[in-house]
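From first to last, the protein sequence lines are chains H and G.
Per my numbering, residue 16 is the first one in the first sequence, and the count goes up by one each step.
Per my numbering, residue 21 is the first one in the second sequence, and the count goes up by one each step.
The beta-carbon is built from N, C-alpha and C at its ideal position, and this holds for glycine as well.
All figures in this text were calculated on a predicted structure; none of them were measured in a lab.
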Amino acid sequence: MSAAATPERSELEVRGLRKEFAVGGGLFTRERVHAVDDVSFTLKPGRVTALVGESGSGKSTVARLLLRLYEPSGGSVLYDGRDITSNRGRGATLDYRSKVQMIFQDPFDSLNPVKTIHHHLARPLAVHKIVPGKKIDERVNELLDTVGLVPPEKFAAKYPHELSGGQRQRVSIARALAVEPTVVVADEPTSMLDVSIRIGILNLILELKEQHGLAFLYVTHDLASARYVADDVLVMYAGQIVEQGPIDDVLESPRHPYTQLLLSAVPDPSLEAEARVELSTGQQTAAIDPTAGCRFRARCPLAIQICGEVTPQLVDQGGGRAARCHVTAPA
Amino acid sequence: MTVSLIDTPGSTGSARSSETLIEVRGLRVEYGIERPVRAVDGVDLDIRAGEIVGLAGESGCGKTTVANAILQVLRPPGHIVGGSIRFRGQEIAGLDEESLRKFRWRNVSMVFQSAMNALNPVLRVGAQFVDMMQAHERISKKDALKRAGDLLEIVGIDRRRVDSYPHQLSGGMRQRVIIAMALALEPELVIMDEPTTALDVVIQREILQQIQDLQRERGFAVLFITHDLSLLMEVADRIAIMYAGEAVELSAASELRTNPQHPYTVGLIESFPPLTGPRMRLTGIPGTPPDLGEPQVGCRFKARCPYHDPNDAKLYDRQNTERPVLREIAPAHFVACHRVEAGT
Numbered sequence: 016m017s018a019a020a021t022p023e024r025s026e027l028e029v030r031g032l033r034k035e036f037a038v039g040g041g042l043f044t045r046e047r048v049h050a051v052d053d054v055s056f057t058l059k060p061g062r063v064t065a066l067v068g069e070s071g072s073g074k075s076t077v078a079r080l081l082l083r084l085y086e087p088s089g090g091s092v093l094y095d096g097r098d099i100t101s102n103r104g105r106g107a108t109l110d111y112r113s114k115v116q117m118i119f120q121d122p123f124d125s126l127n128p129v130k131t132i133h134h135h136l137a138r139p140l141a142v143h144k145i146v147p148g149k150k151i152d153e154r155v156n157e158l159l160d161t162v163g164l165v166p167p168e169k170f171a172a173k174y175p176h177e178l179s180g181g182q183r184q185r186v187s188i189a190r191a192l193a194v195e196p197t198v199v200v201a202d203e204p205t206s207m208l209d210v211s212i213r214i215g216i217l218n219l220i221l222e223l224k225e226q227h228g229l230a231f232l233y234v235t236h237d238l239a240s241a242r243y244v245a246d247d248v249l250v251m252y253a254g255q256i257v258e259q260g261p262i263d264d265v266l267e268s269p270r271h272p273y274t275q276l277l278l279s280a281v282p283d284p285s286l287e288a289e290a291r292v293e294l295s296t297g298q299q300t301a302a303i304d305p306t307a308g309c310r311f312r313a314r315c316p317l318a319i320q321i322c323g324e325v326t327p328q329l330v331d332q333g334g335g336r337a338a339r340c341h342v343t344a345p346a
Numbered sequence: 021m022t023v024s025l026i027d028t029p030g031s032t033g034s035a036r037s038s039e040t041l042i043e044v045r046g047l048r049v050e051y052g053i054e055r056p057v058r059a060v061d062g063v064d065l066d067i068r069a070g071e072i073v074g075l076a077g078e079s080g081c082g083k084t085t086v087a088n089a090i091l092q093v094l095r096p097p098g099h100i101v102g103g104s105i106r107f108r109g110q111e112i113a114g115l116d117e118e119s120l121r122k123f124r125w126r127n128v129s130m131v132f133q134s135a136m137n138a139l140n141p142v143l144r145v146g147a148q149f150v151d152m153m154q155a156h157e158r159i160s161k162k163d164a165l166k167r168a169g170d171l172l173e174i175v176g177i178d179r180r181r182v183d184s185y186p187h188q189l190s191g192g193m194r195q196r197v198i199i200a201m202a203l204a205l206e207p208e209l210v211i212m213d214e215p216t217t218a219l220d221v222v223i224q225r226e227i228l229q230q231i232q233d234l235q236r237e238r239g240f241a242v243l244f245i246t247h248d249l250s251l252l253m254e255v256a257d258r259i260a261i262m263y264a265g266e267a268v269e270l271s272a273a274s275e276l277r278t279n280p281q282h283p284y285t286v287g288l289i290e291s292f293p294p295l296t297g298p299r300m301r302l303t304g305i306p307g308t309p310p311d312l313g314e315p316q317v318g319c320r321f322k323a324r325c326p327y328h329d330p331n332d333a334k335l336y337d338r339q340n341t342e343r344p345v346l347r348e349i350a351p352a353h354f355v356a357c358h359r360v361e362a363g364t
């Protein structure tokens with residue numbers, strides 16, 4: 016797969032993605048966690064898709080599968096219509112990785128403390144041969160400018176420790192943009208930052224989406240920030256997508272009881288305490304060798320007999336929406 | 021120079037009692053000797069019996085330092101350089117270790133920021149309760165274990181969990197164990213420093229609910245510290261907003277929600293995208309807090325303030341030269357801002 020220039024921005028499509036990890040168990044009875052199970056979605060240019068769930072829901076595993084940091088146990092990831100999970104060669108992988116970039120949670124860990132900001136941005140430009148050697152400095156300055164680190168010459172000469180958390184996260188974003196990706200996966204990019212500068216990073220994501228037509232997967236546990244940046248939402252529970260659709264519609268009238276639970280748990284000072292929906296809560300459990308049935312049933316106030324017997328499927332609800340629930344979205 | 025947060029009775033939502041438990045006056049705390057950083061600079065704060073006081077602000081604003089100073093657990097190079105902290109009228113800054121040992125847990129207890137890791141990993145939960153109780157009173161191991169079980173039940177954990185090791189508990193359960201411990205000696209004030217920050221949103225909701233229920237039943241006061249203002253507005257009776265070592269606004273939570281005055285408070289509120297209502301582009305607060313290792317002149321927020329404008333020469337000059345002090349702009353609503361004071 017050579018770097019053939021495509022006239023249009025490409026889509027990233029995930030079909031029936033599955034990832035299992037072996038845990039504990041004996042020599043012959045390996046138990047397996049179904050960390051990601053039957054996950055399908057499409058990332059479109061110029062749209063931000065939020066992937067929302069609690070810790071352990073499998074959302075970060077999905078992000079890592081997209082980046083090819085893990086090999087999937089099943090399913091496919093299609094970029095430009097081609098299945099990238101079958102790529103084995105370094106060249107093809109390098110090419111794919113330049114098209115799909117990641118912004119990590121911790122801007123303190125993801126930069127090299129002994130290298131200048133210039134180095135962090137110049138290196139991907141050189142490795143992926145994005146611009147000729149002479150043009151690298153110019154491009155580095157452009158990138159810093161794009162992420163709002165001005166004057167760029169001043170920031171290029173600095174070391175990571177001289178920057179604040181928000182500025183470091185902007186460097187991480189500039190580095191991701193250096194290789195001219197079409198898809199950017201942002202895994203909780205603001206959770207380590209101070210509240211007053213989080214909005215700045217979210218606004219940058221919105222600008223990049225609008226001005227560069229990038230496709231974003233925004234991985235978060237924070238529904239309010241998801242609503243702020245995203246067009247679409249995928250709600251994950253115990254490895255499966257339980258609800259998906261345009262985010263305004265989903266938050267306005269959630270179909271899955273888990274989405275309702277998540278929504279009611281968000282602190283919202285404008286809501287009086289009495290207005291909250293009381294839902295049985297409890298813990299999400301990892302899907303270790305799951306039996307048939309709905310994975311949410313133990314916490315679900317609506318559970319009926321079939322929920323313990325048949326695994327619900329994602330059922331189309333019209334309007335681009337789908338939900339996985341026997342009760343509220345029957346097949 | 022100190023600012024005054026002295027409030028009038030009746031300003032809280034749950035005016036159970038107007039008896040003042042903690043009275044902080046002109047508190048100043050520095051880190052380091054050679055080039056000291058003044059993390060807290062002239063803070064006054066009252067906490068009355070049975071109320072939940074919220075302390076909010078960005079990292080580095082001094083909110084955790086205030087809490088540590090109240091409990092006298094500042095670690096070198098942190099030290100109090102001025103002001104007083106009284107508990108029921110008695111000065112606690114400078115108490116000897118033995119008196120402090122009695123004061124902590126029994127009068128004031130604390131749920132720390134990293135409470136998830138605050139339990140000893142090699143001791144069973146019950147043993148940790150026994151240790152703590154036996155350090156404060158003469159109680160047999162059997163009685164202490166029984167009380168530990170009772171306390172676990174209060175926070176919704178099966179009493180048999182006294183036999184568990186911390187790693188056998190989930191994050192939310194560990195946090196509940198810590199809260200149960202903090203309540204063990206029935207203190208009058210529990211300081212909670214980001215008690216739910218590390219938890220998932222659903223568990224956070226459960227723990228908050230539990231804290232509020234327990235607080236109503238047992239009537240202890242809470243100093244609740246967090247950067248999450250939207251959460252604080254739900255749980256607190258009164259809220260103090262800190263910025264760069266100072267308290268810049270103090271009022272009842274409901275008043276702060278509907279009528280925030282300090283531009284920093286307004287910026288903080290607008291840093292949280294709403295979950296309902298129309299979608300609009302927010303700005304947050306551009307810039308970063310000042311370096312507290314440098315001497316501070318005038319208003320500390322001026323570099324980030326949308327109203328710091330040379331065209332308004334009179335205000336601009338005041339912001340540059342004079343430190344704003346807290347003034348009562350409405351009953352029990354205090355703001356430290358030259359612009360608010362000038363009424364422009």
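Check: Neighbouring residues, chain H, relative to Glu361(G) (Cβ below 7 Å); Outcome: The premise fails here: Glu361(G) is roughly 23 Å from chain H at the closest Cβ pair, so nothing lies under 7 Å.
Check: Contact with chain H by Ser291(G), beta-carbon distance below 7 Å; Outcome: yes
Check: Length at least 3, wholly inside the segment 89 to 165 of chain H: the beta strand (DSSP E) runs in chain order; Outcome: 89 to 94, 115 to 118
Check: His133(H) to Gly335(H) span [Cα, whole Å]; Outcome: 43 Å
Check: Rounded Cβ spacing between Ser187(H) and Ser125(H) (contact assumed at less than 8 Å); Outcome: 6 Å
Check: Contact list for Glu12(H) against chain G, beta-carbon separation under 9 Å; Outcome: Chain H is shown only over 16 to 346; residue 12(H) falls outside these bounds and no answer can be derived.
Check: Glu157(G), enclosing beta strand (DSSP E) - first and last residue; Outcome: Neither: Glu157(G) is in no beta strand (DSSP E) and is coded neither H nor E.
Check: Cβ neighbours of Ile151(H) in the same chain (closer than 7 Å, five flanking residues each side left out); Outcome: Ala137, Leu140, Ala141
Check: Cβ separation of Phe244(G) and Met201(G), assumed to be a contact under 8 Å, to the nearest whole Å; Outcome: About 17 Å separates the two Cβ atoms, so there is no contact after all.
Check: Rounded separation between Glu50(G) and Pro97(G) - CA only; Outcome: 8 Å
Check: Rounded C-alpha distance that separates Gly33(G) from Ala241(G); Outcome: In this predicted model, Gly33(G) has a pLDDT of only 39, less than 50, meaning its place in the structure is not dependable enough to derive any value.
Check: DSSP-derived helix/strand/coil call for Arg301(G); Outcome: coil
Check: The segment 241 to 252 of chain H / the segment 64 to 78 of chain H touching (three or more Cβ pairs under 8 Å); Outcome: yes
Check: Gly191(G), enclosing beta strand (DSSP E) - first and last residue; Outcome: That residue, Gly191(G), is in no beta strand (DSSP E); its alpha helix (DSSP H) goes 191 to 203.
Check: Validate contact between the segment 189 to 208 of chain G and the segment 219 to 233 of chain G using beta carbons, cut 8 Å, 3 pairs; Outcome: yes
Check: Secondary structure of Lys34(H), DSSP reduced to three states; Outcome: strand
Check: Cα-Cα separation, Tyr336(G) to His328(G); Outcome: 6 Å
Check: Reduced DSSP secondary structure (H/G/I, E/B, other) of Ala280(H); Outcome: helix
Check: C-alpha gap between Val63(H) and Glu225(H), whole angstroms; Outcome: 10 Å
Check: Nearest-angstrom Cα separation, counted from Cys319(G) out to Phe354(G); Outcome: 16 Å
Check: For Val63(H), the residue or residues it bridges with in DSSP; Outcome: Phe231(H)
Check: Local Cβ density within 10 Å of Gly169(G), reported as buried at 16 or more and exposed below that; Outcome: buried
Check: Close-in-space but distant-in-sequence residues of the same chain around Glu289(H) (CB under 8 Å, 5 per side omitted); Outcome: For Glu289(H), the predicted model reports a pLDDT of 46, less than 50, meaning its position is unreliable; a value from the coordinates is still stated below. Closer than 8 Å at the Cβ level, and outside the excluded window around Glu289(H), lies no residue.
Check: Proximal residues to Ala241(H) (C-beta, below 8 Å), its chain only, five neighbours per side dropped; Outcome: Ala65, Val67, Tyr233, Thr235, Val248, Ile262
Check: 8 Å contact criterion, which Asp178(G) and Gly146(G) should meet: CB distance rounded; Outcome: Asp178(G) to Gly146(G), Cβ: 12 Å. No contact.
Check: Classification of Leu84(H) by the beta-carbon crowding that lies within 10 angstroms, buried from 16 upward; Outcome: exposed
Check: Arg314(H) classed as buried or exposed, judged by whether at least 16 other C-beta atoms fall within 10 angstroms; Outcome: buried
Check: Strand pairing of Ala267(G), partner residues [DSSP]; Outcome: Met262(G)
Check: Within 7 Å of chain G by C-beta, residues of the segment 229 to 254 of chain H in sequence order; Outcome: His236, Leu238, Ala239, Ser240, Arg242, Tyr243
Check: First through last residue of the beta strand (DSSP E) which encompasses Ser129(G); Outcome: 128 to 131
Check: Segments of 4+ residues assigned as alpha helix (DSSP H) that fall wholly inside the segment 175 to 228 of chain H; Outcome: 180 to 193, 210 to 227
Check: Ala362(G) - containing alpha helix (DSSP H), residue span; Outcome: 358 to 362
Check: Simplified DSSP assignment, three categories, for Tyr185(G); Outcome: coil
Check: Pick from Gln259(H), Pro282(H), Leu223(H), Leu158(H) that is closest to Ala338(H), judged by C-alpha positions; Outcome: Gln259(H)
Check: Arg45(G) in three-state terms, based on DSSP; Outcome: strand
Check: DSSP bridge partner residues for Glu111(G) (one or two, in chain order); Outcome: Arg106(G)
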